[in-house]
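Data block below; observations after.
Here it is, written out as structure tokens:
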């Protein structure tokens, strides 16, 4: 799962149009210019592609940091 | 989900009309700023769209498309037994716009006429209903599908302003005992109705001075309760949940695989959505019709408009097996696998408006 997370964080930077160095697990999403409604669509698509999961959109919007996002994805992927 | 198949019905023609006024990214940049608009348009893939002037209705565009089709087809007007108007932008609360069009198109008095309130799934809904009617005794039927969504959106709401265009289409269905089966699959999740709606102005929340006031909402977007509101994230998630499943189900109902389909014509929601669905379904890019760059998301017109712009040459001379899938407001979804062509498919008409 660690590798999957690292890969996701790398692709998250791409999806949000940010430098890979700017997106780490502890990055606050509000600090990223790409984290707007368009960026959130890219994240929904990325999670669908990488994890075959449809994120709860409300929960996604409440995420404060990249690590919240990972918790949300991993929490959801444990559900059947 | 409702599944059905209908034999012995042929698509004789498809025509599409758009209004002459064109809005471009330059126009949007004046409202939202260039950076913002470039970012949005990169994602949604719309470069320009045709929009009506005040006073022009969906029915005017559908009329132009239907008149053209009737000019080209060897159909006496009194052989048309039914006309269906599929739209979310009708002329009036009452009567049905189909009645207005029966008169304007000079169709016979024995012609049945009614409206269907459906948006992005509406074209496939119309084919489903229309084919059943033809099977049930209508000799010929006109299916008019279109929307003037530009009239429903606030020009200062960046979530929708640069996405929607206007168009009206006409599709001709007739009895043909030789025609292969059309397969349909439809479904609904009304719990998603608030994610894509015009909340006020009808009867649940009637028009008031306040409901027509535009105010600043989330993300700095300005709109009123009588404007279309769209939660893009929820709509996208809905589409990712339902559309791949819908496509698999209709393929198995039709007893075929993706390789047996010549062209996939999805509702032209936005480029990002079409790309993602194609990738998710592992469809070859050249088989997925993309026709929204110059027209935007035209709601119930988007599938027949994409057929006109992307498949006109192929369908004019030969038969093609198509998979059509519409999805949107409701939430509603509908898909069909059908054969079309050779058929009368004139080029897109630009209607004076």
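Residue numbers (the working numbering), protein chains in the order written: chain A, 1 to 80; chain B, 81 to 433.
Positions of the beta carbon are idealized from the N, C-alpha and C atoms, including for glycine.
Since the model is a prediction, treat every value here as computed from it, not as a measurement.
Check: Residue range of the alpha helix (DSSP H) that residue 97 of chain B falls in?; Outcome: From DSSP, residue 97 of chain B is part of no alpha helix (DSSP H) but of the beta strand (DSSP E) over 89-99.
Check: Is it true that the CB of residue 361 of chain B sits closer than 8 Å to the CB of residue 84 of chain A?; Outcome: The requested residue 84 of chain A is not part of the displayed model; chain A covers only 1 to 80.
Check: Quick check on the DSSP output: the alpha helix (DSSP H) that includes residue 352 of chain B runs from which residue to which?; Outcome: 351-360
Check: Between residue 346 of chain B and chain A, is the shortest Cβ-Cβ distance under 8 Å, so that the two count as touching?; Outcome: no
Check: Residue 45 of chain A: which of B:196, B:315, B:84 and B:277 sits nearest, CA to CA?; Outcome: B:315
Check: What residue range does the beta strand (DSSP E) around residue 346 of chain B cover?; Outcome: 343-346
Check: Any idea if residue 130 of chain B is buried or exposed, counting beta-carbon neighbours within 10 angstroms, 16 or more meaning buried?; Outcome: buried
Check: Below 8 Å on C-beta distance, what does residue 37 of chain A contact in chain B?; Outcome: 239, 299, 312 and 313
Check: Which residues in chain B have a C-beta closer than 8 Å to the C-beta of residue 45 of chain A? List them in chain order.; Outcome: 316, 320, 352 and 356
Check: I'd like to know whether the C-beta of residue 57 of chain A is nearer than 8 Å to at least one C-beta of chain B.; Outcome: yes
Check: Would you give the residue range spanned by the beta strand (DSSP E) that residue 104 of chain B belongs to?; Outcome: 102-104
Check: State yes or no: is the beta carbon of residue 360 of chain B nearer than 8 Å to at least one beta carbon in chain A?; Outcome: yes
Check: Please list, in chain order, all residues of the same chain as residue 4 of chain A whose beta carbon is under 6 Å from its beta carbon, the five residues on each side excluded.; Outcome: none
Check: Quick check: the Cα distance between residue 77 of chain A and residue 110 of chain B, rounded to an integer number of angstroms?; Outcome: Confidence at residue 77 of chain A is low in this model, with a pLDDT of 49, below 50, so the placement of that residue should be treated as unreliable; the coordinate-derived value is given next. The alpha-carbon atoms of residue 77 of chain A and residue 110 of chain B are separated by roughly 43 Å.
Check: What's the gap between the Cα of residue 133 of chain B and the Cα of residue 432 of chain B?; Outcome: 10 Å
Check: Please determine, among B:419, B:425 and B:355, the residue with the shortest C-alpha to C-alpha distance to residue 389 of chain B.; Outcome: B:425
Check: My guess is that residue 251 of chain B and residue 169 of chain B are in contact by the Cβ rule of under 8 Å, so how many angstroms apart are they, rounded?; Outcome: That belief does not hold up - the Cβ atoms of residue 251 of chain B and residue 169 of chain B are roughly 18 Å apart, past 8 Å.
Check: Determine, using beta carbons only, whether residue 120 of chain B comes closer than 8 Å to chain A.; Outcome: yes
Check: Tell me whether residue 417 of chain B sits in a helix, a strand or coil according to DSSP, three-state version.; Outcome: strand
Check: Distance cutoff 8 Å, beta carbons only. Does residue 105 of chain B sit that close to anything in chain A?; Outcome: no
Check: Does residue 377 of chain B come within less than 8 Å of chain A when only Cβ atoms are used?; Outcome: no
Check: The stretch 121-139 of chain B: which residues have C-beta closer than 8 Å to a C-beta of chain A, in chain order?; Outcome: 123
Check: Three Cβ pairs or more, each shorter than 8 Å: is that satisfied between the stretch 116-123 of chain B and the stretch 372-385 of chain B?; Outcome: no
Check: I think residue 386 of chain B touches residue 371 of chain B, with their Cβ atoms under 8 Å apart; what is that distance to the nearest whole Å?; Outcome: 4 Å
Check: Measure the alpha-carbon distance for residue 304 of chain B versus residue 291 of chain B and round it to whole angstroms.; Outcome: 6 Å
Check: Do the stretch 255-270 of chain B and the stretch 87-104 of chain B touch if we need at least three Cβ pairs shorter than 8 Å?; Outcome: yes
Check: What are the complete alpha helix (DSSP H) segments, minimum 4 residues, inside the stretch 108-169 of chain B?; Outcome: 114-124 and 138-152
Check: Terminal residues of the continuous alpha helix (DSSP H) containing residue 382 of chain B?; Outcome: 382-397
Check: Give the DSSP-derived three-state secondary structure of residue 194 of chain B in the structure shown.; Outcome: strand
Check: Looking at the secondary structure, which residues open and close the beta strand (DSSP E) in which residue 220 of chain B lies?; Outcome: 220-228
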